[in-house]
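Numbering (this note's numbering), first residue to last: 39 to 506. Beta carbons are placed, not taken as given, at the ideal position from N, Cα and C, and that holds for glycine. As the structure is a prediction and not an experimental result, all values here were calculated from the model. For reference, the structure discussed in these notes is given below.
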Ligand SMILES: [Zn+2]
């Protein structure tokens, strides 16, 4: 809906009434532009010159400017008010009870005790935690009817799994390459409610398996960087993943494409014949190493045989290389993750490596990984930081992972359930725990997309069928 103009004949100019639900910033911007436009209309200028004293002519623009600033605040109505929750927003240093107003798909106000009088819908979230929507930086969601991952049945549809875990943004970890990225975009990215970002595989057709995925002739630095530059809103990095040779050419081409496009390199590290020390040395600050906490045949462990962090790993971490969990179906072991955490190698993000054969194993979703770390001793606040603002930084997306006023309303609401729980790694080892993080509500772009217990439902009924 656009602005509605009402002519106020006595002033010979326009005033504007807004009944629309857009953000304060948007409204203000439009109003200032409109005011400047009207003041510059020749008829208005002529009328003012002939009929008004000079001091009044100067005062009118200032008055209009102030008027434009004040009016939207008076006329704005919230679509949703989240009331009484414990807000954790690490970017803005908020860790206390706050209310959040949402309108036009954006967060318009975060403050204690906002009146529910003007909100279209108030959701009582007292006793629950309200955080930015979670970001899973390692998924495989280029789902299709083919074999394997790229355009295949081994990938999954994001909306089927994200919202029930409080996730509003995923990054696909190089399931597509520059050749089939347009298909991925059309088939999944544009049709999903979840925000889907992507690392582009250096292999032209992405994850097609052996031998095509390992064909060096189809690892094109120029085309990969060009396609990455063509879609800066979606492509957040370049991936090197599966390569079983001992040449550095695939790695270096991926790294160069990332450098040209100005995005990070994601090392999915199924690179059995490339030594870890050299891999980490070749990674730049901000590049991401995933599948970090596992014992696997196709990579060297981050810990030595005594369970100590290898010095070159600590050095890479210090230099700004980022370490993602990348749990998957076989890439997370408590025997590595617990000693690493104790020694300060804390994951920068909780990437799930979501795909068809990982999601029903030890790894259920990213929230389950977060619960694992909660029971391993990490604080809830730190977990939320590493599930929201920190992964947004890994993806170099400052617009995501926080609850700033004016930002997109991607929000999750969680409860912490106490009880007796078990958490399983990909080696079949169980960790006993007493806390589990559970999703109550997920909001994506200002719309409620998941509500576990109906806390936002507008009607109530008892088991006898009586409405109340
Ligand atoms: Zn993966």
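Give the single residue among the options whose Cα lies nearest to the Cα of residue i.
i	options	result
residue 369	355, 360 and 339	339
residue 208	199, 216 and 215	199
residue 460	168, 413 and 365	413
residue 153	121, 165 and 133	121
residue 496	160, 125 and 139	160
residue 307	264, 236, 365 and 262	365
residue 347	330, 358 and 336	330
residue 151	392, 143 and 124	124
residue 183	173, 194, 174 and 258	194
residue 267	197, 453 and 236	236
residue 405	310, 231, 421 and 322	421
residue 476	415, 433, 501 and 402	402
residue 176	397, 500 and 505	397
residue 468	455, 376 and 384	376
residue 285	297, 216, 309 and 301	309
residue 345	133, 211, 382 and 321	382
residue 323	337, 354 and 295	354
Counting along the chain, where does the alpha helix (DSSP H) carrying residue i start and finish?
i	result
residue 422	418 to 423
residue 357	349 to 357
residue 267	259 to 268
residue 430	427 to 432
residue 376	372 to 380
residue 469	No alpha helix (DSSP H) holds residue 469; the beta strand (DSSP E) holding it covers 468 to 482.
residue 319	314 to 320
Just to check, is the beta-carbon of residue i closer than 7 Å to a non-hydrogen atom of ligand 3?
i	result
residue 366	You won't find ligand 3 in this model; what it holds is ligand 1.
Is the beta carbon of residue i sitting closer than 8 Å to the one on residue j?
i	j	result
residue 245	residue 188	yes
residue 156	residue 141	no
residue 407	residue 363	yes
residue 158	residue 185	no
residue 119	residue 137	yes
residue 464	residue 400	yes
residue 386	residue 357	no
residue 483	residue 143	yes
residue 254	residue 276	no
residue 288	residue 257	yes
Output the boundary residues of the beta strand (DSSP E) element that contains residue i.
i	result
residue 278	273 to 280
residue 135	132 to 141
residue 209	205 to 215
residue 169	167 to 170
residue 127	118 to 127
residue 239	233 to 239
If residue i and residue j are in contact, beta carbons under 8 Å, what's the gap, nearest whole angstrom?
i	j	result
residue 206	residue 171	3 Å
residue 234	residue 221	At roughly 13 Å, the Cβ-Cβ gap does not stay under 8 Å, so residue 234 and residue 221 are not in contact.
residue 451	residue 168	5 Å
residue 327	residue 305	5 Å
residue 204	residue 417	Wrong, their Cβ atoms sit about 18 Å apart, outside the cutoff.
residue 252	residue 281	6 Å
residue 311	residue 283	7 Å
residue 333	residue 393	Incorrect: roughly 20 Å between the Cβ atoms, too far for contact.
DSSP three-state label for residue i, please.
i	result
residue 301	coil
residue 407	helix
residue 491	coil
residue 344	coil
residue 505	strand
residue 497	coil
residue 162	strand
residue 486	strand
residue 224	helix
residue 177	strand
residue 458	strand
residue 453	strand
residue 390	coil
residue 151	coil
residue 361	strand
residue 384	coil
residue 396	coil
residue 293	helix
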